[in-house]
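Student: Here's a structure for you.
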Amino acid sequence: MSGDFALLGVGAAVPEQVRRNDDPLFEPLRRAAARGGGEHALFYGNRERRVLAPGESLAALTARAGRVALEDAGVRPEAVERLYGYVSVSEFVSPNALYAVHRELGLGQGTLVIPVQADFTNFLMGVVLAWEALRAGSIRHALVAVGSGWTRNMDYGQGHAIGIGDGAGAAVVGAGERLVLVDWAADTFSGEYGAMTMASRPGSGVEHPTYGIAPDAGIQAFLSSGMDGPPRLVARLLARHGIHRDDVTLISHQATRKLMDHWAAQLRPREYLDTYEDFGNMVHASLPVTLARFHRELRTKYLVMVGLGIGAHQFALLVRV
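First residue of the sequence shown? That's 8 in my numbering, and the numbers climb one at a time after it.
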């Protein structure tokens, strides 16, 4: 065995309930989109999304993805020394429901739970934190699991709500020779703090916290760093290793075709994989769910996963296939 560390197994889980674009819930959004302009013009491209049923547990869904990842890796739960990830929106403000995922999976008392609140790059950041612990010799196996249940926290008068779907994904990280972790890069745009938030909005008429994009600062962030930041970040990461785009498969954050089509045009990878049409924007979970669907079909030498998040920040991970 070499000294490489890799994604040993991946898994995904999505709810059974399907919500299509013709759902009456979206009628206000359809009327707003017909009028044109504003936030509603920025979010489009998915046909369906999966939705948690009333009473369905997001933590249990996330644990299901973790169980699939462990089985795929051939790693038993008792071998997991750290559980990284995040469950959003969690049942409580604190603690995060990642502790419930630990319970559902039957992980040991000595397994350290590390919630990574880095919306929306929780999965990528969790993988890198696990990788660093492995390189330090502190652990042998880690599980990274993220679950997103944002359909319960949407204001369905807002344009971004049209794409939101629920799902969960996970990966086991350890010493391995396929899907080898090579490098990562990140950018921080703290000047955009507050431009996009999950918060209580007393004037909205919605009792629960909802995601919101500020009409001025949020749209500006979307159209500037959101559009052009990820291609620059990925290009920098590839240049660091002398990797040509023809050797790359790209998996990205999946908020809207407007962003994804722009990123594809700028980067021109050999392949660009997504699950957006069927599952919509699973926020934290889109990256691992898409990876789980396609990881046995990767045909290029390298895989790049890139995400962005509110705060704001962007994160890219380079993997040798």
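No residue lacks a Cβ here, since even glycine has one placed at the ideal position from N, Cα and C.
Relative to the ligand HEM, is the shortest distance from any of its heavy atoms to the C-beta of SER231 smaller than 8 Å?
Tutor: For the ligand HEM, the structure offers nothing, since it holds no ligand at all.
Student: What separation, rounded to the nearest whole angstrom, lies between the Cα atoms of HIS167 and HIS47?
Tutor: 7 Å
Student: If you measure between the beta carbons of THR158 and LEU266, is that distance less than 9 Å?
Tutor: no
Student: Which same chain residues, not among the five before or five after GLY43, have their C-beta less than 7 Å away from its C-beta?
Tutor: none
Student: Output the boundary residues of the beta strand (DSSP E) element that contains TYR91.
Tutor: 89-95
Student: For LEU305, decide whether its Cβ has a neighbour in chain C, counting only Cβ atoms nearer than 9 Å.
Tutor: No chain C is part of this structure, which consists of one protein chain only.
Student: Whole-angstrom Cβ separation of ALA66 and GLU23, contact assumed at under 8 Å?
Tutor: The pair is not a contact, with the Cβ atoms about 17 Å apart (cut-off 8 Å).
Student: Let me know the secondary structure DSSP gives ARG27 once reduced to three states.
Tutor: strand
Student: Tell me which residues share the same chain as ILE250 and place their Cβ nearer than 7 Å to its Cβ, disregarding the 5 neighbours each side in the sequence.
Tutor: Contacts found: TYR309.
Student: Per DSSP, what kind of secondary structure is ASP190 in: helix, strand or coil?
Tutor: strand
Student: Tell me, please, which residues DSSP counts as bridged to ASN288.
Tutor: The partner list for ASN288 (beta bridge, DSSP) reads ILE171.
Student: Starting from MET312 and walking both ways along the beta strand (DSSP E), at which residues does that stretch end?
Tutor: The continuous beta strand (DSSP E) containing MET312 extends over residues 309-316.
Student: Can you tell me whether SER231 is buried or exposed? The criterion is at least 16 other CB atoms within 10 Å of its CB, across all chains shown.
Tutor: SER231 is exposed by the Cβ-count criterion.
Student: Below 8 Å, can you find three or more Cβ-Cβ pairs linking the segment 181-188 to the segment 107-126?
Tutor: no
Student: Look up VAL21 in the DSSP assignment and say whether it is helix, strand or coil.
Tutor: coil
Student: Would a C-beta distance cut-off of 9 Å place ARG71 and ALA175 closer than the cut-off?
Tutor: yes
Student: Please classify ARG306 as buried or exposed, where buried requires at least 16 other C-beta atoms within 10 Å of its C-beta.
Tutor: ARG306 should be labelled exposed.
Student: I need the straight-line Cα distance from VAL75 to ASP223, nearest angstrom please.
Tutor: Straight-line Cα distance between these residues: approximately 42 Å.
Student: Distance check for LEU315 and PRO237, CA to CA, integer angstroms please.
Tutor: 8 Å
Student: Between the Cα of ALA177 and those of ALA143, TYR218 and ASN129, spot the shortest distance and give me the residue it belongs to.
Tutor: ASN129
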